[in-house]
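Engineer: Let me begin by handing over the structure; questions about it come next.
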Amino acid sequence: MLSVLSISVISQEGPANVPHTNVQEIMDTSTDTIYLKHNGGEPISPEDAEIIVNINGKKYIYTSSQIYASLGNNNVWKIGDTIEINTIKTWGVPLNNDDQVELFLVDTPSNELIQKSTLTTEFQKMPDLKILLTPMGDITDTSGSKKDTKGYGNKIQVRFVDCTKTEDATDPKITKEDRNCTTYYPNKTTINTSIYQELDFKIKPIAWGIRPGDTFCNVTLIIVYYSNDKSIKDFRLKFYDINEYGQGEWVYYENQLPKHTDQFESESINLTDHINTPADLANFKVRIEASTTSSDDKAIFIDYMGLWVEKTNYLASPESVS
Numbered sequence: 258m259l260s261v262l263s264i265s266v267i268s269q270e271g272p273a274n275v276p277h278t279n280v281q282e283i284m285d286t287s288t289d290t291i292y293l294k295h296n297g298g299e300p301i302s303p304e305d306a307e308i309i310v311n312i313n314g315k316k317y318i319y320t321s322s323q324i325y326a327s328l329g330n331n332n333v334w335k336i337g338d339t340i341e342i343n344t345i346k347t348w349g350v351p352l353n354n355d356d357q358v359e360l361f362l363v364d365t366p367s368n369e370l371i372q373k374s375t376l377t378t379e380f381q382k383m384p385d386l387k388i389l390l391t392p393m394g395d396i397t398d399t400s401g402s403k404k405d406t407k408g409y410g411n412k413i414q415v416r417f418v419d420c421t422k423t424e425d426a427t428d429p430k431i432t433k434e435d436r437n438c439t440t441y442y443p444n445k446t447t448i449n450t451s452i453y454q455e456l457d458f459k460i461k462p463i464a465w466g467i468r469p470g471d472t473f474c475n476v477t478l479i480i481v482y483y484s485n486d487k488s489i490k491d492f493r494l495k496f497y498d499i500n501e502y503g504q505g506e507w508v509y510y511e512n513q514l515p516k517h518t519d520q521f522e523s524e525s526i527n528l529t530d531h532i533n534t535p536a537d538l539a540n541f542k543v544r545i546e547a548s549t550t551s552s553d554d555k556a557i558f559i560d561y562m563g564l565w566v567e568k569t570n571y572l573a574s575p576e577s578v579s
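Okay, here's the thing in structure tokens:
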């Protein structure tokens, strides 16, 4: 398992010759390796540096000569250079996920700290950004649901509580008449792709701090719905995706959506393999298409839809030290 720590350079004033340097420190327990990457600030002379690593209360020293060798016998540790310490080869000590590891980068002439940090595998589990996005664009229905006056009022999808009732209107047992939801009438017998309900998320990635080049480690669509009765035959969901050539296309979710015939229930659909770039997010929208075996008008009611997004933490990737 890989772990990274975001580090602060010691701000207290020391001797004038102590380098002011930012070092990114990474612990990869899968390879028993600690990486130290010079991320900015002044260069460091290997002969004037020493690395002390405290693993579960026991101290180990990585000497100036070892630093020099790790840098390819270079006399300067500069921006972009990375020192690799394999703890088994160096000290015969493996790294485990629950180890307590502290690292001290020392300026040996002055015996002052350049930097101190604690490494933990817990950091790797934390994505860089976590947000829940709901549809903020148009809701388009071609199934004729306009004849249903309930419908979906203000386009912005929210759950709400009806203050005239004692129950919370988000309770799954509340009937469709008491909920704020969209209404979709499936086609008879077979799915007709021209009869759908579309929800446009209208996401602006930059407004959430998502920039070109960012990727996502988790994108999950959450949908709460009620599918009337067992007469619903096919129930499909598809989403708009930007392919590798930069072209948009509708992609069907591989599975049929379950029929929720007794009450409103939720489903979570993992879309991480498809929605993984800012362009995917900016163009994200969803359609539902269904068919029914009944000759009567049957409806599917969508109470809530949200997209849970976790942005990749680049510091938790081995490539960040290469």
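With the working numbering applied, the sequence shown corresponds to residues 258 to 579, in that order. We treat Cβ as the ideally placed atom computed from N, Cα and C, and that holds for glycine.
Between the Cα of residue 485 and the Cα atoms of 521, 531, 452, which residue gives the shortest distance?
Structural biologist: For the purposes of this step, residue 485 is taken as the residue at position 228 of the sequence shown. Of the candidates 521, 531, 452, the one whose C-alpha sits nearest the C-alpha of residue 485 is 521.
Engineer: Whose C-alpha, out of 541, 546, 477, 568, is nearest the C-alpha of residue 528?
Structural biologist: On the sequence shown, position 271 is the one that residue 528 refers to. Closest option to residue 528, Cα to Cα, is 477.
Engineer: Taking only the alpha-carbon atoms, compute the straight-line gap between residue 283 and residue 291 and give it to the nearest angstrom.
Structural biologist: Numbered from 1 along the sequence shown, position 26 holds the residue referred to as residue 283. Numbered from 1 along the sequence shown, position 34 holds the residue referred to as residue 291. When rounded, the distance between both Cα atoms is 6 Å.
Engineer: Start and end of the alpha helix (DSSP H) containing residue 323?
Structural biologist: Here residue 323 refers to the residue found at position 66 of the sequence shown. Looking at the DSSP string, the run of the alpha helix (DSSP H) that includes residue 323 is 321-327.
Engineer: Excluding sequence positions up to five away, which residues of its chain have a Cβ less than 6 Å from the Cβ of residue 459?
Structural biologist: Here residue 459 refers to the residue found at position 202 when the sequence shown is read from its first residue. Cβ within range, chain order: 393, 394.
Engineer: Leaving out the 5 sequence neighbours to the left and right, which residues in its chain are closer than 6 Å to residue 318 when beta-carbon positions are compared?
Structural biologist: Mapped onto the sequence shown, residue 318 falls at position 61. These residues qualify, in order along the chain: 309.
Engineer: Which complete beta strand (DSSP E) runs does the segment 334-402 hold, if anything under 3 residues is left out?
Structural biologist: Here the runs fully enclosed are 339-343, 358-364, 369-376, 386-390, 396-398.
Engineer: Which stretch, first to last residue, makes up the beta strand (DSSP E) that contains residue 580?
Structural biologist: Within the shown structure, residues of the chain are numbered from 258 to 579, placing residue 580 beyond reach of any answer.
Engineer: The beta strand (DSSP E) with residue 514 in it runs from where to where?
Structural biologist: The sequence position of residue 514 within the sequence shown is 257, counting from 1. No beta strand (DSSP E) holds residue 514; DSSP gives it neither H nor E.
Engineer: Cβ atoms of residue 452 and residue 538: under 8 Å apart, would you say?
Structural biologist: Indexing the sequence shown from 1 puts residue 538 at position 281. Indexing the sequence shown from 1 puts residue 452 at position 195. No, Cβ-Cβ distance for residue 538 and residue 452 is not below 8 Å.
Engineer: Find the nearest neighbour of residue 500 within the set 474, 535, 444, 568, judged by alpha-carbon distance.
Structural biologist: Within the sequence shown, numbered from 1, the residue matching residue 500 stands at position 243. When only C-alpha atoms are compared, the closest one is 535.
Engineer: Decide if residue 443 is buried, meaning its Cβ has at least 16 other Cβ atoms within 10 Å, or exposed.
Structural biologist: In the sequence shown, the residue the question calls residue 443 occupies position 186. Its Cβ being crowded by 16 or more others within 10 Å, residue 443 is buried.
Engineer: Near residue 497, which residues of its chain fall below 7 Å by C-beta distance, leaving aside the five closest residues on each side in sequence?
Structural biologist: Mapped onto the sequence shown, residue 497 falls at position 240. Cβ neighbours of residue 497 beyond the five flanking positions: 505, 507, 540, 541, 542.
Engineer: Spatial neighbours of residue 560 within its chain, please: C-beta separation below 6 Å, excluding the five flanking residues on both sides.
Structural biologist: Looking up residue 560 in the sequence shown gives position 303. Cβ neighbours of residue 560 beyond the five flanking positions: 436, 438, 481, 521.
Engineer: Rounded to whole angstroms, what's the CA-CA distance from residue 546 to residue 287? Just pull it up for me.
Structural biologist: In the sequence shown, residue 546 corresponds to position 289, counting from 1. In the sequence shown, residue 287 corresponds to position 30, counting from 1. If I take the Cα positions, the gap works out to 45 Å.
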